[in-house]
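**Student:** The sequence shown begins at 4 in the working numbering and counts up by one.
Backbone N, C-alpha and C fix where the C-beta goes; we use that ideal spot for every residue, glycine too.
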Amino acid sequence: PLGPLQEGMYFQSVLDGAGGTDVYHMQPRFEFSADAAVDVRSLRAAGDALLRRYPNLRAGFTHAGFDAPVQFVPRAAEMPFREIDLSAVATEDIDREVRAVDEAEFGTLFDLSAPPLIRMVLVWLPGGGAHLVFTQHHLLTDGWSQTLMYAELFALYEFARTHGTDPVGLDGALDKPADFRDHLRWIAEADRTDALSSWKDYLADLGQPTLVGGTGSGGRAPLPVFTRVQLEQSITEHVRELARRSGVTQSTVVSAAWGLALRAVTGRDDVVFGSTVSGRSPEVEGADRMVGLALNTIPVRVRVRPGEEISALLGRLFREQGSLLGHHQLGLGDVQRSAGFATLFDTLYVFRNTPRDEQARRDTFGRSGIVGFDAVDGTHYALTLDVDPGVGDAPMALTLENRPDLIPHDVARDVLSRTITILEVMANSDTATVADTAVPLSRTPAEFASEHIVMPRPDQAGGSVDALLRERAAATPDETALVFGDVTLSAAEMNTRVDRLARILASALGQSVPGAGSTRVVALALPRTADHVVAIFAVMRTGAAYLPLDLAHPPARLRELILDSDAALVITTTQTRDLVVPDGQVCLVLDDPDVTGVLDGQSPAPVVDEAAVCGPTSPDQPAYVIYTSGSTGKPKGVVVGHRGLTTMYHNHKAEIFTPTENSVGGRRLRIAHTVSFSFDMSWEELFWLLAGHEVHVIDEQARLDPASLVKHYREVGIDVVNVTPSYARELMAAGLLDGQRTPVLVMLGGEAVPAELWSRLRDQDGVDGYDLYGPTEFTINAMGSPVQGSETPCLGRPILNASARVLDSGLREVPVGAAGELYMSGDGTAMCYLHRTALTSSVFVADPYSVGHRMYRTGDVVLRRRDGELEYLGRADHQVKIRGIRIELGEVESALASLPGVLRAAASVRSEGGGPPRLVGYVIEEPGADAVDLRAALRERVPAHLVPSDIVVVDSIPLTPNGKLDRGALPAPPARAAARAPRTEMERQLCQVFARVLGVEAVDPEESFFDLGGDSLRAMRLVGEMEHDLSVSVGVGTLMARPTVAELAAHLGESASEIDLSRDRLLTLRAEGSEEPLFCVHPAGGFAWPFAPLIGVLEADRPLFGLQLPTVAGEPLEPTNVDQLAAMYV
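1. Can you list, in chain order, the stretches of the alpha helix (DSSP H) that have 4 or more residues and sit fully within the region 44-122?
2. Check the C-beta distance from Leu-873 over to Leu-751 and give it rounded, since I have them as a contact under 8 Å.
3. Give the DSSP-derived three-state secondary structure of Pro-530 in the structure shown.
4. Quick check: the Cα distance between Arg-991 and Ser-1034, rounded to an integer number of angstroms?
5. Using the rule of at least 16 other Cβ atoms within 10 Å of the residue's Cβ for burial, across every protein chain shown, is Pro-72 buried or exposed?
6. Cβ atoms of Gly-250 and Phe-354: under 9 Å apart, would you say?
7. Going along the chain, which residues of its own chain have a beta-carbon closer than 6 Å to the beta-carbon of Thr-532, five neighbours each way excluded?
8. Skipping 5 residues on each side, what residues in its chain have a beta carbon closer than 7 Å to that of Ala-48?
9. Cα separation between Gly-887 and Gly-110?
10. Is Val-17 buried or exposed, if buried means 16 or more other CB atoms sit within 10 Å of its CB?
11. Report the start-end ranges of each beta strand (DSSP E) in the region 382-408 that is 3 residues or longer and not cut off at the edges.
12. Would His-676 and His-699 be called neighbours here (beta carbons separated by less than 9 Å)?
13. Would you kindly work out how many angstroms separate the C-alpha atoms of Arg-671 and Asp-768, rounded to a whole number?
14. Note down the Cα distance separating Leu-419 from Thr-239, rounded to an integer number of angstroms.
15. Give every residue of the same chain whose Cβ lies closer than 8 Å to the Cβ of Ile-97, excluding the five residues on either side of it in the sequence, and list them in chain order.
16. Assuming Leu-1120 and Val-1084 form a contact by the criterion Cβ under 8 Å, report the distance between their Cβ atoms to the nearest whole angstrom.
17. Quick one: give me the first and last residue of the alpha helix (DSSP H) that Thr-196 is part of.
18. Buried or exposed: where does Val-864 fall if 16 or more other Cβ atoms within 10 Å of its Cβ makes it buried?
19. Beta carbon of Asp-811, beta carbon of Pro-309: below 9 Å?
20. Could you tell me the boundaries of the beta strand (DSSP E) in which Asp-377 lies?
21. Looking at the secondary structure, which residues open and close the beta strand (DSSP E) in which Gly-823 lies?
22. Pick from Thr-252, Val-589, Gly-904 and Glu-81: whose alpha carbon is nearest that of Asp-569?
23. Is it buried or exposed for Val-610, if we count other Cβ within 10 angstroms and need 16 for buried?
24. For Met-12 and Pro-398, what's the separation of their Cα atoms in angstroms?
25. Whole angstroms is fine: what's the gap from Leu-739's alpha carbon to Arg-544's?
26. State the Cα-Cα distance for the pair Cys-994 and Leu-899, rounded to the nearest angstrom.
27. DSSP on Ser-685, reduced to helix/strand/coil?
28. Assess, as a yes-or-no matter, whether the region 791-810 is touched by the region 838-847 under the definition of 3 or more beta carbon pairs within less than 8 Å.
29. Cys-1148 lies in the beta strand (DSSP E); which residues open and close that run?
30. If I follow the unbroken alpha helix (DSSP H) through Asp-590, where does it start and stop?
31. Would you list the one or two residues that DSSP bridges to Leu-572?
32. For Leu-775 and Ala-547, what's the separation of their Cα atoms in angstroms?
33. Let me make sure I understand the geometry here. Which of Pro-212, Ser-278 and Ser-284 has the alpha-carbon closest to that of Thr-269?
34. Among Phe-847, Trp-189 and Ile-783, which residue has its Cα nearest to the Cα of Gly-831?
35. Could you tell me if Leu-1069 is buried or exposed, where buried requires 16 or more neighbouring beta carbons within 10 angstroms of its beta carbon?
36. Could you check what DSSP says for Ile-701 in three-state terms: helix, strand or coil?
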């Protein structure tokens, strides 16, 4: 059997090998001096003796015909050897030529089923020296073993040079070796149940894997890149002293630093990485002298608190790892499944604790004439930190290996630099805490802040939105400001109507002194009309704050908000009042004849003190209250002040409006108001109105029909649209950016912008795009970016008078290239959550970088990119769990949306009738697109656990009133049809094998192997059983590409689609033909189906039959040996 690490390594090598690469190679290199007089015959004899001495070095590996992968050992094997003569190469070129030989050897694949998986190349150098390079597969040995085996190799070499190359003499030259089979027996006898339980407890409550690399190109993996740094001697001594002082090992200290570096990169306080362990139990005799792959990879979890002292952290990590020492033998695949993850990590930590006798090694190498030695190996991990602790006075050295297709080299260098910096901080202070290790790299900006400009006060020009409306009316009284259907209001008409409604409100509120309305909330329960906009400004003119209510919400929800806000008054309509307004609530009914008479100028407005309708008097007066969802289920009202609203207007005027005006020659623009008024993003269009442009309010019905809306935009001549990315994609699908008449600007906000939407706006001639990011708690927008400013989606830069910081849990800045939580501060910071003091204090926190100020904790995780931009990564609350594996719905949606023929996509988790949860995908197909098996296409792009069990084609994807994806409104998938019966004998046999391997009663031929719980190890078992039971040879890669019985059966039968794959003793493959028939005797599995491909290569008139073992037809097998079986067939 294979050891625990061998299983995973073998599977990865089989998969990668199909693509022409295998990173699991080890390559020690030796340099012989010119005086060494290398004896080729003795060197080869020593290599052959080493293979005789250790049978497992002769091992090959296969899974064909077995339930699980196995290793087999030929009776004898010679060490593959060849010579390369570079003695005539110029001195200045020799290093490059030798390096090319090494790289070519490292990149040349081994056939795992054709041992030995080790080879030797001797390169002759100018001047008489030589370069010896061994290349072997990691399946054979670990680093510990290499230290032993190459010391023995050169001891055998010296013996051969002195005593001759006779195999008998060489085989007795060294003491008897330890038997690696003892180690394998110890693993087999270990308590697997207890080990699984211990690892499950250790990884309990782990929120998500720690993955820092990309997904790769899917092609041949490049060779790893190595960066080596030797620490200063003083740092090495401080690390050793810290370990002694803390009562832990040096490995614990360095692994803690590595975990803290990953914390900085990921922005999470709970990280996990792989660590190699020797796997050599003292219970096994001679374990320290064994040559083989005893090594194993285990997860190391680092959970931290910012205030925890480093000494306490080290002690805790040491104790946690110590409690798991007895379970190091369990395979990583088993550990990951016990934790409910497909993959726990993509980084590896290696601390070289291999046995060393430096003096003995130097003596052996010296006798052989060796003057130089180094070694490289590889893994499939994105990052591997290899630590050489140094021996004696030698300093510690850290080597970081990165796969450049997963982690760019400059990123890897930053991670290594950060690890070393953290190590220095830990080692140089007795009182250092976790928070102290979050030291940004020197080029990390101290803050991400815009220039601070003093804003005008409400009593000054441009000092409030009310003042801006008055100024607009005075400057361009006759210019159209607001349009809704047949209603058109000029700037002066709108201002007059606002003033009349404000006086009605002031009278109803009983205001008589300035600012009396500043403590009042007025709810707006209105449909989308021009008067809805008028009402917003009228409330503000009284100094009160408005509360927008979305009439699409259930009436009970709206009444709850009115009561929770203590609304002093509700502005509504006759039709809405009885549905929404609580009993006893004061109302102002807009379509009441008395009210409409005043608004239309037919009746005079109530007489109130002018101070009651002078607008806000303080920038810190509430402007509006908008409710958002609460984590506890109770909505929370965000109170936003006039300071942020005014600053936002001036930001947009400078950053968006003026550049857009200039792009069209300075003319007035027409802006479509499509966003729900209950969404703070609805202010974007109103700012345009205040800046002198014409706003068209789109009614509710039109908002629901993108095709008609795009047609309306063209007819009206809309220049600017402001929508969520989800809604923008609907409009673009309806032709928004097609034809001659398109908007000049598309403003986006409210959710993350998909890459393909960003690129479309970037590449579209005549159209600009601008993305605005901001939570409700930061006055509409916190950051903004023109799409032309970045090739990929980003948040851009903070708006006017705003600062952005990306901090870890200790409120320390994360480095460039790392992720953390985004904190915003500045004018836009909301005032509070209405009546929720405790909640307010938990997210509006003191700004440690600005005394006396607050910052808002957004809860959004962002990446600090190397180009100076911030990229939105998501939130931690979008995870779901399917079949025990946690997945991110956003990743599923992105993968679906990238498929050809898919316009839009969404994903959800459904659980019907008490059954297990299922991942369901939803797609809108492109009109006229060719039919594509989306699940099959998806399997080619993402891991199996990200492939939905159902993909439902829908006409539209539901959005919330704010234009965001509404997962709760996605339809249930159609009821599953009853599992169909197998249609062919091949399908029936495959169903039986699938069911047996997966441990299920029955298998639907259309159900994916991986949807049914299959994984990599079960995949190998499956192909082995297919080989054994059905005599069908299928690669693991084929199974992953065709994971259903139906697909696999079709693939196997492509060359024999007309053949009756029966279980008769005589299988007719081709009956017609005048030539002598050919009879094919079944292989070990008993079936003759594998001979079907012969039809395509034999003469067309030669009949073909297959002899099958009687047992496949259920008959008893009377012959007891091959001769009797042959006689029976003849």
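**Tutor:** Looking at the atomic coordinates:
1. Entirely contained in the region 44-122, the alpha helix (DSSP H) runs reaching 4 residues are, in chain order, 94-110.
2. The residue labelled residue 873 in the question sits at position 870 within the sequence shown. The residue labelled residue 751 in the question sits at position 748 within the sequence shown. Leu-873 to Leu-751, Cβ: 16 Å. No contact.
3. Looking up residue 530 in the sequence shown gives position 527. Coil at Pro-530, not helix or strand.
4. Walking along the sequence shown from the start, residue 991 turns up at place 988. Walking along the sequence shown from the start, residue 1034 turns up at place 1031. Their Cα atoms are separated by approximately 15 Å.
5. Position 69 of the sequence shown, counting from 1, holds the residue named residue 72. Counting every other CB atom within 10 Å of its CB across the protein chains shown gives Pro-72 a total of 16 or more, marking it as buried.
6. Stepping through the sequence shown from its first residue, residue 354 is reached at position 351. Stepping through the sequence shown from its first residue, residue 250 is reached at position 247. No, the Cβ-Cβ distance between Phe-354 and Gly-250 is not below 9 Å.
7. Position 529 of the sequence shown holds residue 532. Excluding sequence positions up to five before and after Thr-532, its CB lies within less than 6 Å of the CB of Phe-487, all in the same chain and listed in chain order.
8. Taking the sequence shown and counting its residues from 1, one reaches residue 48 at position 45. Within the same chain, and ignoring the five residues on either side of Ala-48 in sequence, the residues whose Cβ sits closer than 7 Å to its Cβ are Ala-163, Thr-168 and Leu-173.
9. Within the sequence shown, numbered from 1, the residue matching residue 887 stands at position 884. Within the sequence shown, numbered from 1, the residue matching residue 110 stands at position 107. At Gly-887, the pLDDT of 39 sits below 50, so the modelled position is not reliable and the matter cannot be decided from this model.
10. Residue mapping note: residue 17 aligns to position 14 of the sequence shown, counting from 1. Buried: at least 16 other Cβ atoms inside 10 Å.
11. DSSP runs (the beta strand (DSSP E)) wholly in the region 382-408: 386-391 and 400-405.
12. Start at 1 with the first residue of the sequence shown, and residue 676 comes out as number 673. Start at 1 with the first residue of the sequence shown, and residue 699 comes out as number 696. The answer is yes: Cβ separation under 9 Å.
13. Here the question's residue 671 lines up with position 668 in the sequence shown. Here the question's residue 768 lines up with position 765 in the sequence shown. The alpha-carbon atoms of Arg-671 and Asp-768 are separated by roughly 21 Å.
14. If you number the sequence shown from 1, residue 419 lands on position 416. If you number the sequence shown from 1, residue 239 lands on position 236. Going from the Cα of Leu-419 to the Cα of Thr-239 covers about 16 Å.
15. Position 94 of the sequence shown, counting from 1, holds the residue named residue 97. Excluding residues within five positions, the ones whose Cβ falls inside 8 Å are Leu-89, Leu-128 and Pro-129.
16. Mapped onto the sequence shown, residue 1120 falls at position 1117. Mapped onto the sequence shown, residue 1084 falls at position 1081. About 14 Å; that fails the 8 Å criterion.
17. Within the sequence shown, residue 196 is the residue found at index 193, counting from 1. 195-205 is the span of the alpha helix (DSSP H), which, as asked, contains Thr-196.
18. The residue you call residue 864 lines up with position 861 of the sequence shown. Classification of Val-864: buried, given that the 10 Å Cβ count is 16 or more.
19. Mapped onto the sequence shown, residue 811 falls at position 808. Mapped onto the sequence shown, residue 309 falls at position 306. Taking 9 Å as the Cβ cut-off, Asp-811 and Pro-309 qualify as a contacting pair.
20. Against the sequence shown, residue 377 aligns to sequence position 374. Element bounds for Asp-377: 373-380.
21. The residue labelled residue 823 in the question sits at position 820 within the sequence shown. For Gly-823, the enclosing beta strand (DSSP E) covers residues 822-829.
22. Taking the first residue of the sequence shown as position 1, residue 569 is located at position 566. Asp-569 has its Cα closest to that of Val-589, out of Thr-252, Val-589, Gly-904 and Glu-81.
23. Taking the sequence shown and counting its residues from 1, the one referred to as residue 610 is at position 607. Per the 10 Å Cβ criterion, exposed.
24. Position 9 of the sequence shown, counted from the start, is the residue given in the question as residue 12. Position 395 of the sequence shown, counted from the start, is the residue given in the question as residue 398. When rounded, the separation of the alpha-carbon atoms in Met-12 and Pro-398 is 32 Å.
25. Within the sequence shown, the letter at position 736 stands for residue 739. Within the sequence shown, the letter at position 541 stands for residue 544. Those two C-alpha atoms are separated by around 37 Å.
26. Reading the sequence shown from its first residue, position 991 is the one you call residue 994. Reading the sequence shown from its first residue, position 896 is the one you call residue 899. Computed Cα separation, rounded: 28 Å.
27. For this step, residue 685 is matched to residue 682 along the sequence shown. Of the three classes helix, strand and coil, the one that applies to Ser-685 here is helix, per DSSP.
28. Taking 8 Å as the limit for Cβ pairs, the verdict is that the region 791-810 does not touch the region 838-847.
29. Summary: the structure shown does not reach residue 1148, with the chain confined to residues 4 through 1133, and so no result is reported for it.
30. Looking up residue 590 in the sequence shown gives position 587. Before going further, note that residue 590 is Cys rather than Asp in the sequence given. The continuous stretches of alpha helix (DSSP H) do not include Cys-590, which lies in the beta strand (DSSP E) extending over residues 590-592.
31. In the sequence shown, residue 572 corresponds to position 569, counting from 1. Under DSSP, Leu-572 forms a beta bridge with Val-525.
32. Residue numbering aside, residue 775 sits at position 772 when the sequence shown is read from its first letter. Residue numbering aside, residue 547 sits at position 544 when the sequence shown is read from its first letter. Looking at the two C-alpha atoms, the distance is approximately 27 Å.
33. Here residue 269 refers to the residue found at position 266 of the sequence shown. The shortest Cα separation from Thr-269 among Pro-212, Ser-278 and Ser-284 belongs to Pro-212.
34. By one-based count along the sequence shown, residue 831 stands at place 828. In terms of Cα proximity to Gly-831, the closest of Phe-847, Trp-189 and Ile-783 is Ile-783.
35. On the sequence shown, residue 1069 is found 1066 positions in, with the first residue counted as 1. Around the Cβ of Leu-1069, a 10 Å sphere holds fewer than 16 other Cβ atoms; the residue is exposed.
36. In the sequence shown, counting from the first residue as 1, residue 701 sits at position 698. Note: Ile-701 maps to coil in three-state DSSP.
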